[in-house]
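Structure, as C-alpha cells:
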Amino acid sequence: MNKKIRIVSLILAASVALAGCSMTGEEIAAISDSSASGEDLYSDRDYETDYDTDEAQYIELDGEGLTITSEGTYVISGAIDDGQLLIDAGEEDKIQLVLDGVDITSYDSAAIYILSADKVFITTEEGSVNHLTNTAGFAEDADSNEDAVIFSKADLTLNGEGTLIVSSADNGITSKDDLVITGGTYEIECQGHALQGKDLIAIADGVFDLTSGEDAIHGKNSDDAALGDVTINGGSFTITAGDDAVHSESDLLITDCSMNILSCEEGLEGNTVTITGGDIVINSKDDAINAAGSSASEFAEDASAYIDISGGTIDITCSGDGIDSNGSLTVSGGFITISGPDNGGNGSMDYNGSAEITGGTMIACGINGMAQNFTEAGQGSILIATELQQAGTKVMLSDKDGNEILSFEPGMSYSSILISSPELKQGETYVITAGTDTYEITLEDLICGQTEGMGGAMPGGIMPNGGGMPGGRMGDQRPQMPG
214 MNKKIRIVSL ILAASVALAG CSMTGEEIAA ISDSSASGED LYSDRDYETD
264 YDTDEAQYIE LDGEGLTITS EGTYVISGAI DDGQLLIDAG EEDKIQLVLD
314 GVDITSYDSA AIYILSADKV FITTEEGSVN HLTNTAGFAE DADSNEDAVI
364 FSKADLTLNG EGTLIVSSAD NGITSKDDLV ITGGTYEIEC QGHALQGKDL
414 IAIADGVFDL TSGEDAIHGK NSDDAALGDV TINGGSFTIT AGDDAVHSES
464 DLLITDCSMN ILSCEEGLEG NTVTITGGDI VINSKDDAIN AAGSSASEFA
514 EDASAYIDIS GGTIDITCSG DGIDSNGSLT VSGGFITISG PDNGGNGSMD
564 YNGSAEITGG TMIACGINGM AQNFTEAGQG SILIATELQQ AGTKVMLSDK
614 DGNEILSFEP GMSYSSILIS SPELKQGETY VITAGTDTYE ITLEDLICGQ
664 TEGMGGAMPG GIMPNGGGMP GGRMGDQRPQ MPG
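Taking the working numbering, the leading residue of the sequence shown gets 214, the next gets one more, and so forth.
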C-alpha cells in the first residue's frame with residue numbers, strides 16, 4: 214500500500230476516535246477502500262472543469278509574454294511567439310487557467326512557468342487544441358531551475374476535455390510539488406521525462422500519448438524518500454520511453470487503466486509495485502515490472518521491496534526479467550502472461566525473498582537457465598523445462614482427458630513453462646503441450662517443478678517442488694537423465 218495512503222488511513226481512524234464518533238463497519242470499510250484505491254488523493258475541485266463565465270477574465274495573447282499575479286479564472290487563447298505565460302501570485306492564491314486554442318513557444322524557458330501560487334488548475338476547453346513548445350532546452354538559472362514546458366513550483370492539477378500537445382527539448386510537464394491529472398488528452402514528445410512530480414503523481418483519467426527520451430512518468434523526491442509516489446487510477450496510455458515507462462522512487466500503485474507500453478528499458482518500476490486492476494501491455498528491453506527496493510545489491514533481499522498483484526490483465530514481452538522483486542512477490546488475482554526472456558541471464562519471474570500465489574492465472578514462457586517457481590501456493594503451480602521452442606509456438610494446458618483448460622502463444626522463443634491457475638488441483642493429472650512436445654504431470658504437491666531437461670538434458674521428467682527445492686531456480690539444480 215502507498216505510504217501516503219497508509220498515513221491518511223491512520224489519521225482518519227484517530228480523528229474518529231478522538232471525536233468520540235461512532236461509525237458503522239460499512240463506513241470504516243469505505244474509508245479503507247477509498248485509501249487503498251487512491252481515491253482520497255483527489256479533491257472535488259481537481260475534477261471541476263466548469264467555471265463562472267461572468268467572473269472569468271478572457272485574455273487573447275498577441276505574441277508577447279503574459280504575467281498573472283492574482284487569484285482567479287483566466288481563459289487564455291492566442292499565441293506567444295517566443296516567451297512565456299508566468300504565474301507569480303500569492304502563496305495562498307488558487308488560479309485556474311483555461312486553455313482555449315493556445316500556441317506558446319519558448320526558445321529556452323518554460324512556456325508556462327508557475328513561480329508562486331497555492332495551487333494551479335490548467336483546464337483544456339472542450340474541443341480545443343493547445344500547443345506548448347520549448348525548442349532549445351533550458352538556460353541555466355539557479356533561481357528558476359526550469360526544465361519543462363510546463364514547470365510548476367506549486368501543486369498542479371491538469372483536467373479538461375480538450376487536447377494539450379507538448380514538445381520539449383528536455384522535460385514535458387514538471388511539478389515540484391504534487392502533479393494531479395483528472396482528465397484531458399495529452400500528446401507529449403520530449404527528450405527528458407514526459408510527466409514528472411516531486412512529491413506525488415496521481416492520475417485519475419485522461420488519454421495520454423507519451424514519447425520520452427527518459428522516463429515517461431517519473432516520480433522522485435531526493436529530499437524525502439517517503440515522497441515521490443505514483444498512483445494511476447484510470448486513463449488510457451500509449452508509451453514509448455527511452456528509459457522507464459513508469460518510475461517511482463517510492464511506491465507505485467496502479468488500480469485501473471489501459472496502458473500500452475510499446476517500448477522501454479523497464480516498464481513499471483518502484484520501491485514497491487502494487488497492481489489491483491487494469492489492462493496492461495509491456496514490451497521492455499530490460500525488466501518489465503521491477504520492485505527495486507533500496508538495497509545496494511540487486512542480489513540481496515530487500516524487505517522494503519515487494520510486488521503485489523491482485524487483479525488486472527498483464528501481458529509482458531521482455532528481454533530482461535518479466536517480474537522482478539528485490540524482495541517478495543504476491544499474486545492473488547489477475548491474468549498474467551509473460552513472453553521472455555529469450556536469454557539465460559534473466560528469468561520470467563525473479564525474486565530475492567518469497568513468492569506466493571493464491572489466486573489468478575500466470576503463464577510464463579522463458580529460457581530455463583534462471584527460471585523460478587513460486588515458494589508458496591494456494592493453487593497448483595507447475596514449472597517445466599522443454600526443448601527450445603520458437604516464438605509463436607503454442608502452449609496448452611489440458612486435463613487428463615485432453616480438454617483444454619488454457620493456452621498461450623508466446624512472442625519469444627522459450628525452453629521453460631510456468632503455469633499457475635485455480636484450475637490446477639492437487640492430486641490431479643494434467644498435460645502440457647508445447648508444439649509437438651507433450652508433458653504429463655501429476656500434481657502430488659501444489660508446487661511442482663522439473664529438474665530434467667536443463668543444461669542440455671532431455672526434457673520430460675517431473676519432480677515435485679523442483680527436486681525438493683520449491684521456488685528454486687532451475688539453473689541451480691543439476692540435470693538428471695532418465696534412468
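Glycine included, every Cβ here is placed at the ideal spot set by N, Cα and C. The structure displayed is predicted, hence computed values, not measured ones.
Could you give the residue range of the beta strand (DSSP E) that holds Y326? As a working note, residue 326 is residue 113 in the sequence shown. Per DSSP, Y326 is one residue of the beta strand (DSSP E) stretching across I325 to S329.
What are the complete beta strand (DSSP E) segments, minimum 3 residues, inside the segment 604-668? Those beta strand (DSSP E) runs which fall completely within the segment 604-668 and span 3+ residues are 608-612, 617-621, 627-634, 642-647, 650-655 and 660-662.
Have a look at L413, D492 and A647 and flag the residue whose alpha-carbon is nearest the alpha-carbon of S449. In the sequence shown, residue 449 corresponds to position 236, counting from 1. Checked all of L413, D492 and A647; the closest Cα to S449 is D492.
Measuring CA to CA, which of I595, Y627 and T588 is closest to D604? Looking up residue 604 in the sequence shown gives position 391. For the sequence presented, residue 604 should be read as Ala rather than Asp. Ranked by Cα distance from A604, the options I595, Y627 and T588 are led by Y627.
Between the Cα of S545 and those of I488, S256, D383 and D265, spot the shortest distance and give me the residue it belongs to. Working through the sequence shown from its first residue, we reach residue 545 at position 332. Cα-wise, what sits closest to S545 is I488.
Just verifying my parser: in three-state terms, what is the DSSP assignment at G533? Numbered from its first residue, the sequence shown carries residue 533 at position 320. G533 carries a coil assignment under DSSP once its states are collapsed to helix, strand and coil.
With 16 as the cutoff for other CB atoms within 10 Å, does K332 come out buried or exposed? One-based indexing of the sequence shown puts residue 332 at position 119. Within a 10 Å sphere around the beta-carbon of K332 sit 16 or more other beta-carbons, which makes this residue buried.
What residues in its chain sit with their C-beta under 6 Å from that of T451, if we drop five residues either side in the sequence? Residue 451 sits at position 238 when you count from the first residue of the sequence shown. For T451, where only same-chain residues beyond five positions count, the Cβ hits under 6 Å are D422 and N473.
Does the segment 265-282 come close enough to the segment 432-447 that 3 or more CB-CB pairs lie under 8 Å? No, they do not touch.
Which runs of the beta strand (DSSP E) fall wholly inside the segment 299-328 and span at least 3 residues, in chain order? The qualifying runs are 307-319.
In terms of alpha-carbon separation, which member of N343, S341 and A324 lies closest to D184? With the chain running from 214 to 696 in the structure shown, residue 184 is simply not present.
Can you check whether the CB of I654 is closer than 8 Å to the CB of S634? In the sequence shown, residue 634 corresponds to position 421, counting from 1. In the sequence shown, residue 654 corresponds to position 441, counting from 1. Their beta carbons are not under 8 Å apart, which means S634 does not touch I654 by this criterion.
Are the beta-carbon atoms of G340 and G373 separated by less than 8 Å? Taking the first residue of the sequence shown as position 1, residue 340 is located at position 127. Taking the first residue of the sequence shown as position 1, residue 373 is located at position 160. For the 8 Å CB-CB criterion, G340 and G373 do not form a contact.
Would you mind giving the Cβ-Cβ distance between T336 and V311, rounded to the nearest angstrom? I have them listed as a contact below 8 Å. Stepping through the sequence shown from its first residue, residue 336 is reached at position 123. Stepping through the sequence shown from its first residue, residue 311 is reached at position 98. Contact holds; Cβ gap of about 5 Å.
Beta strand (DSSP E) segment containing Y271, residue limits: The residue you call residue 271 lines up with position 58 of the sequence shown. That run of the beta strand (DSSP E) goes Q270 to G276.
Would D428 and G447 be called neighbours here (beta carbons separated by less than 8 Å)? On the sequence shown, position 215 is the one that residue 428 refers to. On the sequence shown, position 234 is the one that residue 447 refers to. Going by beta carbons, D428 and G447 fall outside the 8 Å limit.
Can you have a look at E304 and say buried or exposed, based on whether 16 or more other CB atoms are within 10 angstroms of its CB? Translated into positions along the sequence shown, residue 304 becomes position 91. Within 10 angstroms of the beta-carbon of E304 lie fewer than 16 other beta-carbons, which makes it exposed.
D614 burial status per 10 Å Cβ neighbour count (16 or more: buried): As a first step, residue 614 must be located in the sequence shown, where it is residue number 401. By the 10 Å Cβ count, D614 comes out exposed.
Would you decide whether S425 is buried or exposed? Buried here means 16 or more other CB atoms lie within 10 Å of its CB. On the sequence shown, residue 425 is found 212 positions in, with the first residue counted as 1. By the neighbour-count rule (16 or more Cβ atoms within 10 Å), S425 is buried.
When DSSP labels each residue in this structure, what does Y399 get in the three-state scheme? Residue 399 sits at position 186 when you count from the first residue of the sequence shown. For Y399, the secondary structure class from DSSP, reduced to helix, strand or coil, is strand.
Could you tell me the alpha carbon to alpha carbon distance between A417 and I394, rounded to whole angstroms? The residue you call residue 417 lines up with position 204 of the sequence shown. The residue you call residue 394 lines up with position 181 of the sequence shown. Straight-line Cα distance between these residues: approximately 6 Å.
How would you label N559, buried or exposed, when you count the other beta carbons within 10 angstroms and need 16 or more for buried? Position 346 of the sequence shown, counted from the start, is the residue given in the question as residue 559. Buried, because 16 or more other Cβ atoms sit within 10 Å of the Cβ of N559.
Looking at I536 and M562, is the spacing between their C-beta atoms short of 8 Å? For the purposes of this step, residue 562 is taken as residue 349 along the sequence shown, with counting starting at 1. For the purposes of this step, residue 536 is taken as residue 323 along the sequence shown, with counting starting at 1. If you check the CB distance, M562 and I536 come in under 8 Å.
Does DSSP classify L466 as helix, strand or coil? By 1-based counting over the sequence shown, the position of residue 466 is 253. It is a strand residue.
Between which two residues does the beta strand (DSSP E) carrying Y564 extend? Residue 564 sits at position 351 when you count from the first residue of the sequence shown. Membership of Y564 in the beta strand (DSSP E) is indicated by the continuous run M562 to Y564.
Taking the DSSP output, what are the residues bridged to S344? Locating residue 344 in the sequence shown gives position 131, counting from the first residue. The question names Ser, but residue 344 in the sequence shown is His. When DSSP reads this structure, H344 sits in a beta bridge with D316 and I378.
Reducing DSSP to helix, strand and coil, say where E252 ends up. The residue labelled residue 252 in the question sits at position 39 within the sequence shown. Helix.
Ignoring anything shorter than 3 residues, give me the beta strand (DSSP E) runs that lie fully in the segment 448-508, in order along the chain. Counting only runs of 3 or more, we get 449-454, 459-461, 464-467, 471-476, 481-483, 485-488, 492-497 and 502-504.
With I551 and I570 assumed to form a contact (beta carbons below 8 Å), what rounded beta-carbon distance in angstroms separates them? For the purposes of this step, residue 551 is taken as the residue at position 338 of the sequence shown. For the purposes of this step, residue 570 is taken as the residue at position 357 of the sequence shown. So it is not a contact: roughly 13 Å between Cβ atoms.
For G593, which three-state DSSP category applies? Indexing the sequence shown from 1 puts residue 593 at position 380. Annotated three-state conformation of G593 is strand, per DSSP.
Simplified DSSP assignment, three categories, for G582: To locate residue 582, count along the sequence shown from 1; it is residue 369. G582: helix per DSSP, three-state reduction.
Within 10 Å of its beta-carbon, does S256 have 16 or more other beta-carbons around it, so buried, or fewer, so exposed? Position 43 of the sequence shown, counted from the start, is the residue given in the question as residue 256. Exposed is the label assigned to S256, since fewer than 16 other Cβ atoms lie within 10 Å of its Cβ.
Excluding the five sequence neighbours on either side, which residues of its own chain have a C-beta within less than 7 Å of the C-beta of A382, listed in chain order? Within the sequence shown, residue 382 is the residue found at index 169, counting from 1. Taken in chain order, the residues that qualify are N347, T348, A349, G350 and Q404.
Just to confirm my understanding: we take T572, look at its own chain, exclude 5 residues before and 5 after, and list those with CB closer than 6 Å. What are they? Within the sequence shown, residue 572 is the residue found at index 359, counting from 1. According to the sequence displayed, residue 572 carries Gly and not Thr. Within its own chain, the residues whose Cβ lies closer than 6 Å to the Cβ of G572, once the five positions on either side in sequence are excluded, are S545 and G546, listed in chain order.
Taking only three categories from DSSP, how would you classify D368? Position 155 of the sequence shown, counting from 1, holds the residue named residue 368. Strand.
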